[in-house]
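A.B. asks: Sequential numbering of the sequence shown, starting at 5, is according to the working numbering.
For each residue, glycine too, the CB sits at the ideal point set by N, CA and C.
One structure, pasted below without further comment.
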Amino acid sequence: MISVIGAGLPRTGTTSLKAALEGLGLGPCHHMREIGAHPEQAQRWRQTMDGPVDWGAVLRGYRAAVDWPSAHFWRPLAQAYPDAKVILTVRDPHAWYTSLRDTVFAMLSNPSTVPAGLQAVAATMRPLLERIWFETFGTTLEDPMPGERHAAEVFRRHTAEVAATLPAERVLVYGTGQGWEPLCDFLGVPVPAEPYPHLNDRQSVRTRLRSPGP
């Protein structure tokens, strides 16, 4: 049963949020990385293109979900799990644009950068990711990266839409670098003693993209 839904776009601290939620006992938390670790999930996600979607089957075994592909479906997930809280991760739109361009778009626009062991999963997921990209930006993965001004406006519009659609008490707009306190207060759990996780920064992703696959 999903109790936390991440509505933030990729490159807004979603990997760190996944680790944070799991550290708070609200895991397992789904993230795009889970599909690579569990390739059988790729076909489940591919079937979300056909509708209607059985979210209980797609997210079976998870208590939370962040990052694409699940974040793209924040609205139907919020309807399917009316008691779940929604976390909207945000950051400066222009810094986000640079990070997205150099990581997510770099990989999706050049499938050869996908490690060899994940090529089959990537091929299964690609039609869904192409649809998500088009529905988000209005461009294809064969097109150049959307311009910064357009992408920043997409980011702002997404943020405003999530905040306006759901009751204020159900949504936490959570900026990168805010740490444990607002998150734990929203979720009603104690603040851990250890530092908030900081994972998957842009430089580490770019290093992985430059490295040859296994």
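If you follow the beta strand (DSSP E) that Glu179 is part of, which residue opens it and which one closes it?
C.D. replies: Correcting the residue identity first, residue 179 is Gly in this sequence and not Glu. It spans 175 to 179 - the beta strand (DSSP E) in which Gly179 sits, taken as one unbroken run.
A.B. asks: Touching or not, the region 95 to 108 and the region 7 to 26, by the rule of three or more beta carbon pairs under 8 Å?
C.D. replies: Yes, they touch.
A.B. asks: With the cut-off set at 9 Å, would you say Ile6 and Leu92 are in Cβ contact?
C.D. replies: For Ile6 and Leu92, no; Cβs fall outside 9 Å.
A.B. asks: When the Cβ atoms of the region 59 to 75 are set against those of the region 160 to 175, are three or more pairs found closer than 8 Å?
C.D. replies: Cβ pair count under 8 Å is below three, so no.
A.B. asks: Do you know how far the Cα of Val158 is from the Cα of Glu26?
C.D. replies: Straight-line Cα distance between these residues: approximately 29 Å.
A.B. asks: State the beta-bridge partners of Thr93 as determined by DSSP.
C.D. replies: Answer is Tyr178.
A.B. asks: Express the C-alpha separation of Thr117 and Arg214 in angstroms, rounding to a whole number.
C.D. replies: Low confidence applies here, because Arg214 scores a pLDDT of 43, under 50, leaving its location unreliable and the question unanswered by this model.
A.B. asks: Any idea what DSSP makes of Val57, helix, strand or coil?
C.D. replies: It is coil, neither helix nor strand.
A.B. asks: When burial is assigned at 16 or more other CB atoms within 10 Å of the CB, is Gly10 buried or exposed?
C.D. replies: Gly10 should be labelled buried.
A.B. asks: List the endpoints of the continuous alpha helix (DSSP H) containing Val8.
C.D. replies: First-last for Val8: 8 to 10, but that is the beta strand (DSSP E), not the alpha helix (DSSP H).
A.B. asks: Using a Cβ-Cβ cutoff of less than 7 Å, which residues in the same chain neighbour His202 once the five nearest sequence positions on both sides are dropped?
C.D. replies: Ser20, listed in sequence order.
A.B. asks: Can you give me the start and stop residues for the alpha helix (DSSP H) that Met129 sits inside?
C.D. replies: Start and end: 123 to 141.
A.B. asks: So, for Gly40: in the same chain, excluding its five sequence neighbours on each side, which residues have a beta-carbon less than 8 Å away from its beta-carbon?
C.D. replies: Closer than 8 Å at Cβ, skipping near neighbours: Leu122, Val125.
A.B. asks: For Pro216 and Asp189, I'd like the C-alpha separation in whole angstroms.
C.D. replies: For Pro216, the pLDDT reaches just 42, beneath the cut-off of 50, and the residue's location in the model is therefore unreliable, although a value from the coordinates is still provided. Roughly 42 Å between the two C-alpha positions.
A.B. asks: Taking Arg50 and Leu132 to be in contact with their CB atoms under 8 Å, please state how far apart those CB atoms are, rounded to whole angstroms.
C.D. replies: The Cβ separation is near 6 Å, so the contact holds.
A.B. asks: Between the Cα of Val175 and the Cα atoms of Met111, Arg79, Tyr200, which residue gives the shortest distance?
C.D. replies: Among Met111, Arg79, Tyr200, the Cα nearest to that of Val175 belongs to Arg79.
A.B. asks: Roughly how many angstroms separate the alpha carbons of Phe109 and His154, rounded to a whole number?
C.D. replies: Going from the Cα of Phe109 to the Cα of His154 covers about 15 Å.
A.B. asks: At the level of alpha carbons, what is the spacing between Thr144 and Arg130?
C.D. replies: Distance between the alpha carbons of Thr144 and Arg130 is about 12 Å.
A.B. asks: To the nearest angstrom, how far is it from the Cα of Ala23 to the Cα of Gly65?
C.D. replies: Roughly 16 Å separates the two Cα atoms.
A.B. asks: Could you check the C-alpha separation between Thr163 and Tyr178 for me, to the nearest Å?
C.D. replies: In a straight line, the C-alpha of Thr163 is about 11 Å away from that of Tyr178.
A.B. asks: Is the beta carbon of His35 closer than 9 Å to that of Val57?
C.D. replies: Result no, Cβ atoms of Val57 and His35 do not sit closer than 9 Å.
A.B. asks: Rounded to the nearest angstrom, what separates Pro171 and Val90 at their Cα positions?
C.D. replies: Distance between the alpha carbons of Pro171 and Val90: 10 Å.
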